Amino acid sequence: MFRFQSRQQQRLDDGGQINRLAPINFTFDGKKFIGFDGDTLASALLANGVRLVGRSFKYHRPRGIYSAGIEEPNALVALRSGDRHEPNTRATAIELFPGLEAKSQNRWPNLLLDYLQINNLLSPFLSAGFYYKTFMGLPGWHFYEYFIRKAAGMGDGTKFKDPDKYDKKHVHCDILIVGGGPTGISAAVTAGRAGARVILVDNHPKLGGQLNGERYFLDKKPAHHWVERCVEELDGLENVTIATRTSAFGYYDSDVVNAIESVSDHLPEPLDYQCRQRLWQIRAKKVILATGATERPIVFSNNDRPGIMLASAARRYVNQYAVKPGKKAVIFTNNDDGYKTAFDLARSGVEVVAVVDSRKNIPEHFEKELNEKDIEVIASSVVIDTYGYFGLNSVKIGTLSHDGKTIESNPYIVSADLLAVSGGWSPNVHLYCHSGGEPVYNDSIEAFVPGELSQNGHSAGASRGSFSLTDCLQEGHNIANTMAKALNLEVAEQIIPETNENTIVPIEALWRVPGKGKKFVDLQDDVTESDITLAHREGYVSVEHLKRYTTLGMGTDQGKTSNLNGQAIMAQEKSEPIEKIGTTTFRPPYTPIALGPLAGRDIGLSYKHTRRSAMHNWHKQNGAIFVEAGQWLRPQYYLNEMEQPSKENMDKAISREVQTVRTSVGLVDVSTLGKIDIQGKDSAEFLNRVYTNGWTKLPIGKARYGIMLREDGLVFDDGTTSRLDEFHYFMTTTTSNAAAVLSHMEYYLQVQWPELDVRVTSVTEQWAAMALAGPKSRNVLSKLLPTINVDNESFPFMGVREVDIEGVPARIFRISFSGELSYEINVPADFGEFIWQRILEVGKAHSIRPYGTEAMGIMRIEKGHVAGPELDGRTTAADLGLQKLLSTKKDFIGSKMMDREGLKDKNRPRLVGLVPVDKKSRVKSGAILVKDPTLAPPVPKLGHVSSSAYLSPTLGHPISLGFVSGDIIETTKKIWAVSPLHNENHELEITDPVFYDQKSERLHD
Amino acid sequence: MAKYSIFNIIKNAFNEDKNWARAWRDPEPKKSYDVIIIGAGGHGLASAFYLAKNHGIRNIAVLEKGYLGGGNTGRNTTIVRSNYMLDENAHFYEKSLQLWEQLSSELNYNVMFSQRGVLNLAHTDSQIDAITRRGNTMRLNGIDAELLDEKQIRKLMPYLDFSNDVRFPIKGGLLQRRGGTARHDAVAWGLARAADSLGVDIIQNCEVIGFEETGNKITVVKTSRGNFNCGKVGFAVAGNTGHLASLINLKLPIESHVLQAFVSEPLKPMIDHVVTFGAGHFYISQSDKGGLVFGGDIDMYNSYAQKGNLPLIEEVVTAGLAMIPSLSRLRITRHWGGVMDMSMDGSPIIGKSPIDNLYLNCGWCYGGFKATPGSGWVFAHTIANDEPHRLNKGLNLERFKKGRMVDERGAGPFPNRH
Amino acid sequence: MLIINCPLCGPRDHAEFTYVGDATKNRPENGDSSNDHAWYDFVYLRDNPKGLHEELWQHSFGCRCFVKVLRNTLTHEIIATGMPKDNLILKEKGLELSV
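One line per chain: the protein sequences are A, B and C, in this order. Quick note: the working numbering has the first sequence finishing at residue 1016, numbered continuously throughout. Quick note: the working numbering has the second sequence finishing at residue 1220, numbered continuously throughout. Quick note: the working numbering has the third sequence finishing at residue 254, numbered continuously throughout.
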């Protein structure tokens, strides 16, 4: 044990909330170190005397650890390696775990010798927005950009897949409390006692918040006693859930707050059953924002060196982690906070050289302790400059003039390796802003605080500017009771513990110290005071211009330590009060969040669900090659047992399937078509309004083809609908529009025509559907239905029969997509595979074959049937040659708008058939039709090829469908299809779109 | 206007940057203007700039309710491209792209137009057919386009998911090499500086609160900073057009919707192009500062709030990880929303209005940023000549009445589906 | 997340719903050319208010009911919900006549 400790030269022998019996090995930039359980990476590095941990974004200046929390602007490291590599991780928020591996970033070749340090010397030329003023000439921005991009950025991304899992969780509560510091705990106790369903989230491993970093006494005992007692009580309440390591990152509409729970980030890797992180969606009736406050720096020359940190951070390192962040400290403050740091450091054996207070008067109540600890206070003074390249070694101190603009007396230098700075505290109003709130400036604390209430999120404690511990405890209790009352619960009692804190003497604003040298406002993005004055000089004066021009607050910390200082300096330059300048809008997330938990389990093959028909397994076992059709997997074609997947075999298979259907009989799975059950006594009237053709006279037992328009008069969808009974219809839609057609009909039924007695229900999944097609299909069907007469007169074209196939109830529709005699057979999905197999067995005598979407597609092109590529939402019925389906005897959806001049234009492209003049060339879908392929752009376009069959086995040559401008169709018979993307030109003949059986004798046979 | 150059940067550096002049004035408004453009975003400023530069009109005010460039100009994903299929869009956006290619030197302000290439992925045969048609149309219109197969894409973008563990494998893509990104704020600032130097008054913190009309003409524009007499008025307030139009009782075929975007922590270069996913709403590029910039679909419901909700972000991220699984451990640092004018056919409206001296520049849907210089060019022409430029003839307001919609997606009169 | 109070199912995430659009548009009677403008207005024109908006959502992943929602487009606050025929603005003010 002592062996470990001996290497942690900055570690105190006792105190703190670390476990000295649990040493933890870790490496930083390849060097081995040891810390303790309870450490963060930052505290463990400081314990080992490591001060330099990174390089700054722009000037590559050496940087150390600046804070002890999520606001850290400097100490960003690459955590872990390989497929768990996490760039830009804040060392101050990483819990130490065994084997932890971290590397510094943004330096090459290493942290000490970083070549881009040269930027620091070049900095006079690299002031805010310099890149807007140059790099405009040759060789062009793309040339310069290459180097700028390389120099910018911070950590490296990875090329690996993430091995970890992520979950999502949805919860509800009466009161959500964000923040487990004194305010949040106090609120939780009261709300819990009142019986409210409470969720308390905190981003740390344990509750306590600011109390963990202070030496407060509550009821005369160290504060952690009170915290532990409260946690024990809350743990015992069933209505209270405490979620630690859970960071609320966004407050959205309807009082929904999202949080990320770090389930296993504190472990070397997740345990088998664990996810890495979990996204919480919390729906709360009321929200208490007890998110605390963040300390901010003061802007002075060279205020960025390793060894300079926030005063509260220095305090937290000694108090919580038992680490001395330095040996000799100077404190620089404009408020009481610096004194607390001075006392806690001194108590821990750090030599406190001086407290430099910019205020004139030192609070009297500190004098006793100052004397006891022999700490010198230098009032009305400031730190002017600092020294030490890789780490602070001395500090220059001077007295400030009355107006604060100059240094009066002779400055002097003292040696120190720690400079703790406090410029005051800014309430964390981020979540309040997310909820829609607008913060207002509060002079007495010199910071923005929540303004008017937004949604149901009430700020309390430090996050609304109440910095005294007693106030925090009281406000948490009060707000919880107010909410309990509003929720009709009994209010609860809580005795607020007595504290040992001093009364707070008001801050006197000091934003910046006069002097030369680089004065950093935003440490992460290297924005300096002179950048802000330059922005002012050039007119970028609104806070948003300031932010965007200088990049102030644009870093990963969203300016948690820098925004207000920058805005205050701008206000001074403009001689306006800060409230007039305003503040920028805080955006979620509060702290950066990984993408993984936002996707949860919906990754890889689970990105979108896969829909399979009831016959899928059969297809799979019988040589089907599948194709994506929306979310469906459909057989594209079937290979024989001996065939390997190849282009030739694909062509062979497709031709084989087409020929089988054209000469004998085939079977295709059409389960993906949308199926909608329509019932009610006004169904016929409804269909009459929805479809463009007439439906009132459709007899029972008959099907009809129809098209639907949108209200704007363009074609929406097509399909057949059958009348099963007097008030019962069955509609099919295209695969891709199934959901849209259902919603479309529901809209009219519920919103526009509620008087119609009609119900519509999707039954797509309930029915397996297959089309039995080909001249021999009747033979197969009659064998399948030995007791039923299926001849042409008994079961004519467009006939519908409800039958029983081997005990399975079935609906058979004599409709055809292929152009052959064809029956669409629907059976309950559970029997799909059985019936499919039965049909194939029965059809063996006729060499039946299953066929896929390719063969189906070729046959529908041969027959001139339109499908998705033609129904593209831009075509009218007339464009598709379907004008005869537009009834003139009735009104229907779209009938009013379809006659607008642009939709009646004679020159609109119309559906045609296209055949290559050489009867050989394969014409690509997406080729454009032009008069002359040799014209130089811009070329007048006469139409396009919409669907193409590279070979029609029936006709013996390729065929296509396409659209050609009306005036061209009238005057010319030949046209060129060009595809400049493929360097292809083919001359085509314009034909009728129906290539096969133009009189439709085959389907009526 | 003092010229920006490397020499001036060096010269000023020796003087601690104390001699840089204001980029634009903060003028006291005049009583009367020949042309008042409402909205000092990219479009409004470009319109004023080209009115002054191409048409010799100098007595122009650009009114801005907040700070210039504070609307969608500063909230978009900065993509510039002209890969459209329909002629009305294609020729217009191509003109805009050509103006982008000259913009930095024309403005003497580096707008960082980076022609890194825009790739649209395709995952099914029907998508390949669709990008083939679009790409061929582009080529015949004289716009660059290349069809890439899976192998070529793999070479160019090895980080995409080419594994077997993928729901929608990549089959090909359409690449427009001349497309890319630009620095959005710089466009507004560069245009403001250039327009200002030609005498245009840019008046910020000046909200329009009403109009006075005589006959069928606007005579006075009433604002929070006083009333101005006007010759002609142009609206360039995409996102807020519906609201502004309501002040003059004009109903438009537009709904306002929020479009969200988000950005990752800064990273060393890893994505060198703009890539759009074909099996979900997602596109990505990397800013020069290193942040990965993500975009997706709108939140679907009418909104004037410049903020959205998480479900949409979850959906976009899910699509993003489907396309690039290695993004999983990287972190988002900020997400925000902009308010879009979603038009009824997905294409912009730029031209005359039913009011004699009012001109509309609106309905940009997602396409506004890339249109910035082109929009200014044709809008200035339309205002100066009281008739549309050849390039915005088809993008008029009348097209809906006449049934001549410009519907790239074929989605119909549902603004949130475009 | 918007939480929409479906009149049939109770409060549900908006992710369960599909947005339909402006609920104030009245579909004109079919008929002659005298109502051309009414149709143009119905299909294409929108008030698009900045503030209170009566709109329709369909509870697609729930009861499939069309729900009328009175919502502020500037703050996203949902003021009231009801069935498609309800007049939510009057209902909110307590002025709607009971049928």
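Ideal Cβ placement from N, Cα and C applies to all residues, glycine included. Please read all numbers here as calculations on a predicted model, not as lab measurements.
DSSP places T561/A inside the alpha helix (DSSP H), whose first and last residues are 554 to 561. In the three-state DSSP reduction, P73/A falls in the strand class (E or B). Runs of the alpha helix (DSSP H) lying entirely within the region 251 to 337 of chain A, each at least 4 residues long, are 322 to 330 in chain order.
Residue environment for Y284/A: exposed (fewer than 16 other C-beta atoms within 10 angstroms of its C-beta). Residue range 1170 to 1187 is occupied by the alpha helix (DSSP H) that includes T1174/B.
Taking C-alpha positions only, T798/A is separated from R822/A by approximately 15 angstroms. Taking a contact as a CB-CB distance under 8 angstroms, the pair F727/A and S733/A does not count as one, their CB atoms being some 20 angstroms apart.
Bounds of the beta strand (DSSP E) holding A784/A are 778 to 784. From the listed residues T173/C, E171/C, H192/C, Y174/C, the smallest Cα separation to N181/C is found for H192/C. Annotation: S573/A to V538/A spans about 9 angstroms, alpha carbon to alpha carbon. The three-state reading of DSSP puts N810/B in helix, counting H, G and I together.
Annotation for K1034/B: the continuous beta strand (DSSP E) segment containing it runs 1028 to 1037. Interface annotation for the region 184 to 213 of chain C against chain B: D191, H192, Y195, D196, V198, Y199, L200, R201, D202, N203, P204, K205, G206, H208, E210, W212, criterion Cβ-Cβ distance under 9 angstroms. Per the Cβ contact rule, the region 602 to 614 of chain A is in contact with the region 173 to 187 of chain A (3 or more Cβ pairs under 8 angstroms). Residue-level contact by beta carbon fails for L243/C and chain B, as no gap is shorter than 9 angstroms. With distances taken between CA atoms, S1048/B lies nearest to L200/C out of R226/C, L200/C, P166/C.
In the DSSP assignment, the residues bridged to S990/A are E995/A. Bridge partners of T899/A according to DSSP: none are assigned. With a 10 Å radius around the Cβ and a threshold of 16 neighbouring Cβ atoms, F816/B comes out exposed. Within 9 angstroms of the CB of K172/A, the CB atoms of chain B belong to D963, S965, D967, P1127, S1128, S1130, in sequence order along the chain. Nearest in C-alpha terms to K985/A, of all of G526/A, L953/A, P517/A, S1011/A, is L953/A. In the displayed model, V1023/B falls within a strand according to three-state DSSP. Contacts between T145/A and chain B, judged by CB atoms closer than 8 angstroms, involve Y806, S807, I808, I811, N912 in chain order. Contact between L57/A and P73/A does not hold, since their C-beta atoms are separated by about 15 angstroms, which reaches or exceeds 8 angstroms. Distance check between K144/A and each of P1156/B, W826/B, A924/B, N910/B places N910/B closest, using alpha-carbon atoms only.
Cβ-Cβ separation between E457/A and L480/A: approximately 20 angstroms, too far for a contact (criterion under 8 angstroms).
For D1158/B, no CB of chain A lies under 9 angstroms from its own CB, so it is not counted at the interface with that chain.
Note: M1144/B is bridge-paired with E1057/B in the DSSP secondary-structure output. Contact of I309/A with chain B is not assigned, every C-beta pair being separated by 9 angstroms or more. When C-beta atoms of the region 177 to 196 of chain A are compared with those of the region 295 to 305 of chain A, three or more pairs fall below 8 angstroms, so the two segments count as touching. Ranked by Cα distance from V88/A, the first of P109/A, E865/A, L52/A is L52/A. Each residue's CA atom was taken as its position, placing E244/A and S197/A some 12 angstroms apart. In this structure, the straight-line span from the alpha carbon of Q1062/B to that of R877/B is close to 9 angstroms. For Q128/A, the CB contacts under 7 angstroms within the same chain, skipping 5 residues up- and downstream, are H71 in chain order. At least one beta carbon of chain B lies nearer than 9 angstroms to the beta carbon of A170/C. Chain A has a Cβ within less than 9 angstroms of the Cβ of V175/C.
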